[in-house]
Amino acid sequence: MNTQLQKRFDKLTRKVKTLKAQFEQAKRELEAKVTSITDERNKLAEMREAERIESMEVSVGDGYPIANLQWVLSHLEDQFQCSLCFEIMANPYLLNNGRCGHAFCAICILKWAFAAVHRGCGYWHEALECPLCRATLPYTTDATPRNICTFPFLPDRLADTVIKSHLAVLQDAADLKARRTANCDVGRPHNGIRWLGEVDEQVLAWGQGKASRTEWEQREKNGKAEMALLFDNWSQYKSKDFIALKDRLKDA
Numbered sequence: 001m002n003t004q005l006q007k008r009f010d011k012l013t014r015k016v017k018t019l020k021a022q023f024e025q026a027k028r029e030l031e032a033k034v035t036s037i038t039d040e041r042n043k044l045a046e047m048r049e050a051e052r053i054e055s056m057e058v059s060v061g062d063g064y065p066i067a068n069l070q071w072v073l074s075h076l077e078d079q080f081q082c083s084l085c086f087e088i089m090a091n092p093y094l095l096n097n098g099r100c101g102h103a104f105c106a107i108c109i110l111k112w113a114f115a116a117v118h119r120g121c122g123y124w125h126e127a128l129e130c131p132l133c134r135a136t137l138p139y140t141t142d143a144t145p146r147n148i149c150t151f152p153f154l155p156d157r158l159a160d161t162v163i164k165s166h167l168a169v170l171q172d173a174a175d176l177k178a179r180r181t182a183n184c185d186v187g188r189p190h191n192g193i194r195w196l197g198e199v200d201e202q203v204l205a206w207g208q209g210k211a212s213r214t215e216w217e218q219r220e221k222n223g224k225a226e227m228a229l230l231f232d233n234w235s236q237y238k239s240k241d242f243i244a245l246k247d248r249l250k251d252a
């Protein structure tokens, strides 16, 4: 009888090992597919953004392209507005799901995610879903060390570059207007781009030290610091760490 039980046990053990190996293989294949889809999505987004930038630029006599200030403002509001705070995204992050292309401010998506952390246990009771398309994020287990592939967020570097480029043009126009105290039809080159259009109150708000610029910089600073801290400690964070971050984000 003991021999039969031992054989059954050995058989089950081999089966478990086989299933574990199959699971790990499937996991690696899935991660590879997610990476491939993300790369393709970023390439497509880059191509589309290049087309948009090309459509907004016109050449002038000295060879510099011109950016229309009102177009820049409209483009930022239409294409780079955070759906959680309804402001221009600061330090934008995507969700870690190959089928989701939505980006948000780093600080906003952290607040959203950690609002769902249960204070009693310090973890999420259910897998998080994108607030826009409901795409499911990797489930956060309480077992450590965690695989970094389960980190819920990915930096959207393309969007970050475009946003900063647009804001630099607005700041350049606003700062120059503040010095001259008069409208300018065409501004000086900034990173190889001139600008034209009315320097109105909306543009002036993005000048150095002005309300819109200052608020955006604060969101960027907070989001960058909190996201970096979470990423660096993701593999080892326990329930108490998640609760501490949840509480800290309430005041961010």
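Last residue of the sequence shown: 252 (the UniProt record's numbering), numbering continuous. Heads up, the beta-carbon is just placed ideally off N, CA and C, and yes, glycines get one too.
Taking a 10 Å sphere around the C-beta of D172, we find 16 or more other C-beta atoms and assign the residue as buried. About 7 Å separates the beta carbons of T140 and Y123, which is inside the 8 Å limit, making them a contact pair. By the Cβ neighbour-count rule, A113 is buried, with 16 or more other Cβ atoms within 10 Å of its own.
Distance from the CA atom of Y237 to the CA atom of A45, rounded to whole angstroms, is 33 Å.
Excluding five sequence positions before and after V203, the CB atoms of its chain that fall closer than 6 Å to its own CB belong to L69, L170, A173, A174, given in chain order. Contact check for C105 against L84 passes: the beta carbons are separated by less than 8 Å. Annotated three-state conformation of N222 is helix, per DSSP.
Under the rule that a run must span 3 or more residues, the beta strand (DSSP E) segments found entirely inside the UniProt domain "RING-type" (82 to 134) read 92 to 95, 103 to 105. Residue environment: K15 is assigned as exposed (fewer than 16 neighbouring CB atoms within 10 Å of its CB, all protein chains considered). Secondary structure of L249 (DSSP, three-state): helix.
Residue environment analysis places E226 among the buried positions, since at least 16 neighbouring C-beta atoms fall within 10 angstroms of its C-beta.
Ranked by Cα distance from G101, the options A205, D200, R41 are led by R41.
In this structure, W206 keeps its C-beta atom at 8 Å or more from the C-beta atom of R146.
For the pair C82 and C108, the CB atoms are nearer than the 8 Å cut-off. Considering only N91, A21, S36, the residue with the shortest C-alpha distance to P155 is N91. By the beta-carbon neighbour count (other beta carbons within 10 angstroms, threshold 16), C130 is buried. Here A143 carries a coil assignment [DSSP, helix/strand/coil]. DSSP places L154 in the uninterrupted beta strand (DSSP E) bounded by 153 to 155.
In this structure, the straight-line span from the alpha carbon of T13 to that of R119 is close to 38 Å.
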